[in-house]
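For reference, the structure discussed in these notes is given below.
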Amino acid sequence: MKPLHLILSLSVLLFGSCSTKPQADLLLYNAVVYAVDDDFSVHDAIAVSDGRVVGVGAKADLEQGFSMDSVLDLDGAIVFPGFIDAHCHVMGYAQALLTADLRAAGSEEEMVLLLKRWYDLQLERGFTLDRVQGWGWDQNNWPGKEMPERSLLDSLFPDVPVILRRVDGHAVLVNGKALEADQVCCPDGLKGGEIVMDGDRPTGLLIDNAVERVEDWTPDKAQMEEALKLAEQNLLAHGLTGLHDAGLPKEEWMLLRSMSSTGDFRIPISCMASDDPENFAFLRESGPIEEDRFWLRSVKFYSDGALGSRGALLLEPYADAPHAHGLPVTSREDMKERLEEVYAMGLQACVHAIGDSANRMVLKLYADQLQDDHNRRWRVEHAQVVQPGDRHWFSDHGIIPSVQPTHATSDADWAEDRLGADRMAAAYAYSSLRAQLGILPLGTDFPVEDIDPLKTFYSAVSRKDFSGMPESGFLTSESLSREEAIRGMTVEAAYAQFREAETGSLEPGKWADLVVLDTDLMECAEEAIPIARILSTWIRGERLFSAQDPN
Ligand SMILES: [Zn+2]
C-alpha cells in the first residue's frame, strides 16, 4: 500500500503547482485517523470522492491536492476503517428482533407491561405483526412463583394473538385471541401435556404437548424485510460497515441479495451458503455471486457441535463427563467429498470446528485438498480448541482461523469444567493462532453474542466482558494487542472475504467505509472502552448513521 501513498504525495505536489486541482467531494479534518495500513499510520484528515478515499494526511496537504466540495470538522474525534463482523447471523438477528425478550420480567405484571412497551415500539417503527411473540418468562423469578394466566394480557391485547414462551420452551402463555385463532378450547384427550382450565375457561397456560396447539409464528417476507431494515439500523449504530453471514439457505440469502440490489440493505455482506442440496445445486449451475454489495462464494459446514452442550468433538473425554467425546456432525468421508467439490468449484470452505478432534480433522482435510494452493483462504470457524501441535496447518496452507473473542469471555466461567486445566492451553488461543498466518479475522456470532464490535475489541484485548469479568481476565496470555484486534475487525476481516483491495483500511483507492468514535481505542484506559460511543458510520462516503440523528 506504500506506493499509493507515494503516488498521492507526488500528486499533491504536482497538482499543488497547477491551477486546476482535482475535485474531491468531502474533507473530514481535525480528527485522529487510523488508516490501518501496513504501517498502522495515523493522520489528521481524510479526503473522499465518489465514495472512495482519495487521500489521508495533513489537512493542509490534502487541501493543496484537491479542491473540496465540502469540509467537515470532526472536532478531534477518532476515525477507524468501519468494523467488519467476520462471523455473524444477520437473518437470525433480524428474526430475534421480531420476538420480545421477556427474561428481565420480575413479575407477571411486569412481563405484560414489558411486552406492551415492546409492542408499541414495533408499531412506532411501522411493523405490523399478525401475532405477537415473546419468550423468556420464568415464574421462578416472580414473587409467589405462581404460573401466569391471561386476564391482564387479554385486557392489553384484545385484538391480536399473543404467544409467550417460557424460558425453557415447555410452557406458553397465550391470550384469548390466540386461543380463538388456533381453536384451543378444552383438554379433548390431549396426552403428555395440559391445557390449564379454570372451570370451563382456559387460563391461557399451555404445557408440554399442548404448546403445539398454537401455531409457531414465522414472519412473512415483508416482515423479514422490515426486520432486516431495523437490524441494519442497529448494526450501523454500532459502527459496522461489513458483514460475513455464516451460513444461509437459498431462500434467505436470496432475500438479502434482493434487498442489497435495491438499496434496502446497504451494509456490504458476504454470505456463506449453508451445506444443503439446494445451495449446492445453485452453485453448480450458476457459480459464485459477486455483486455490488453482495457476495456468495463460500460454503459453511459443521464438523461438530458446541462446548457448552458437550457437542464439541474432543480427542480426550470431557473432564466433567468422562465417557463423552462430543458428536461428529459430518463424517470425515462426507466432508472430504464436499470439500473436493467446493475446491473444484473455486469456492471458499468455512467449517465450524470447536473441539480439538474436529479441528484436527478439518485441518488435515484442508491440508490434503489445498496442498500448495495458499490463496484459497479456507476458514476454520471458531477454532476454539486446537492442540498446539496442530496449529502449523494454518500457516502451511494459508488456512484462516476465524474467531469470536466474546465467546471466550462468555465461556470463561465453565470452559475449564468441560476441558480440565491441562487442556486450557489449547483453548481460545487467539494470540497463538494469529501468530500462524499473521491474520485473525474477528466476529461475534451474533445473535448468539451481542452485535457490538466494541465488545469484541474489549474481550480480545482485556479478555474480560463489559461487566469487567473475570476480574483478572481469562487466559490473558492469549490476549491480542489493540492493533491486532483492530486489524482483525477491519482489514483482516476484509481479507477473509476477499475484499481487502476494496475495504478494511483507509487508503487511497479503497471505499470510504469508516466509523467515527468519541474515544481513541488505541490510547484510552481499558475501562474507557466499554463506554466509547460511535458518533457516525459511513459506507462508501455516505453517512448512514449519526449519533445526533439516529434515524
Ligand atoms: Zn455461527
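For the sequence shown, this note's numbering gives the first residue as 206, with consecutive numbering after it. Ideal Cβ positions, reconstructed from N, Cα and C, are used throughout, including at glycine.
{"Check": "His292 Cβ short of 7 Å to ligand 1 heavy atom set", "Outcome": "yes"}
{"Check": "Classification of His602 by the beta-carbon crowding that lies within 10 angstroms, buried from 16 upward", "Outcome": "buried"}
{"Check": "N-terminal and C-terminal residue of the alpha helix (DSSP H) that Ile609 is part of", "Outcome": "Here residue 609 is Gln; the residue named in the question, Ile, does not match the sequence. Gln609 -> no alpha helix (DSSP H), and no H or E assigned at all."}
{"Check": "Beta-carbon contacts of Gln753 that lie in its chain and below 6 Å, excluding the five residues immediately before and after", "Outcome": "none"}
{"Check": "Given Phe662 as reference, the closest of Ser607, Asp413, Pro735 and Val419 once Cα atoms are compared", "Outcome": "Pro735"}
{"Check": "Three-pair Cβ contact test at 8 Å for the segment 412-421 versus the segment 716-728", "Outcome": "no"}
{"Check": "Residues bridged to Ala526 [DSSP beta-bridge criterion]", "Outcome": "Tyr523"}
{"Check": "Exposure label - Leu215; buried when at least 16 CB within 10 Å", "Outcome": "Note that Leu215 scores a pLDDT of 41, beneath 50, so its modelled location is shaky and nothing firm can be said."}
{"Check": "Backbone secondary structure at Tyr571 - three-state DSSP", "Outcome": "helix"}
{"Check": "contact_flag[the segment 641-659, the segment 603-610] where n(CB pairs < 8 Å) is 3 or more", "Outcome": "yes"}
{"Check": "Proximity below 8 Å, CB of Gly693 to CB of Pro646", "Outcome": "yes"}
{"Check": "Leu726 and Val238 closer than 8 Å at C-beta", "Outcome": "no"}
{"Check": "For Phe651, the three-state DSSP class (helix, strand or coil)", "Outcome": "coil"}
{"Check": "Nearest neighbour of Val247, chosen from Glu268, Phe285, Phe499 and Ser491 [CA to CA]", "Outcome": "Phe285"}
{"Check": "Option nearest Gly605 by Cα separation, candidates His587, Glu268 and Ser615", "Outcome": "Note that residue 605 is Ile in the sequence shown here, rather than Gly. Selected option, being the one with the closest Cα: His587."}
{"Check": "Span separating the alpha-carbon of Ala517 from that of Gly510", "Outcome": "5 Å"}
{"Check": "Host alpha helix (DSSP H) of Pro407 (start-end)", "Outcome": "Per DSSP, Pro407 belongs to no alpha helix (DSSP H); it is in the beta strand (DSSP E), Arg406 to Asp413."}
{"Check": "Contact check, Pro353 vs Met316, beta carbons under 8 Å", "Outcome": "yes"}
{"Check": "Closest Cα partner of Ser536 within the set Ile739, Val416, Gly673 and Ser562", "Outcome": "Ser562"}
{"Check": "Outcome for Met674 when other beta-carbon atoms lying within 10 angstroms are tallied against a minimum of 16", "Outcome": "exposed"}
{"Check": "Nearest-angstrom beta carbon gap, Asp278 and Tyr234 [assumed within contact, 8 Å]", "Outcome": "6 Å"}
{"Check": "When Arg581, Val547 and Leu302 are compared against Asn484, the one with the closest alpha-carbon", "Outcome": "Val547"}
{"Check": "Secondary structure of Pro286, DSSP reduced to three states", "Outcome": "strand"}
{"Check": "Asp274 Cβ short of 7 Å to ligand 1 heavy atom set", "Outcome": "no"}
{"Check": "Any non-hydrogen atom of ligand 1 closer than 7 Å to Ala451 Cβ", "Outcome": "yes"}
{"Check": "Counted within 10 angstroms of its Cβ, other Cβ atoms place Asp497 as buried (16 or more) or exposed", "Outcome": "exposed"}
{"Check": "One or two residues paired with Arg498 in a DSSP bridge", "Outcome": "According to DSSP, Arg498 bridges with nothing at all."}
{"Check": "Own chain residues within Cβ distance below 6 Å of Arg738, not counting five before or after", "Outcome": "Asp723"}
{"Check": "Continuous alpha helix (DSSP H) stretch holding Gly297: start and end", "Outcome": "Val295 to Leu302"}
{"Check": "Stretch pair the segment 502-509 + the segment 474-482: three plus CB contacts closer than 8 Å", "Outcome": "yes"}
{"Check": "Residues bridged to Gln770 [DSSP beta-bridge criterion]", "Outcome": "Examination of residue 770 is not possible in this model, given that the chain is present from 206 through 756 alone."}
{"Check": "Length of the line joining the Cα atoms of Ile283 and Ala309", "Outcome": "35 Å"}
{"Check": "Spatial neighbours of Gly341 in its chain, beta-carbon cut-off 6 Å, leaving aside the 5 residues before and after", "Outcome": "Asp306, Leu307, Arg308 and Val372"}
{"Check": "Asp405, buried or exposed, once every other Cβ within 10 Å from all chains shown has been counted against 16", "Outcome": "exposed"}
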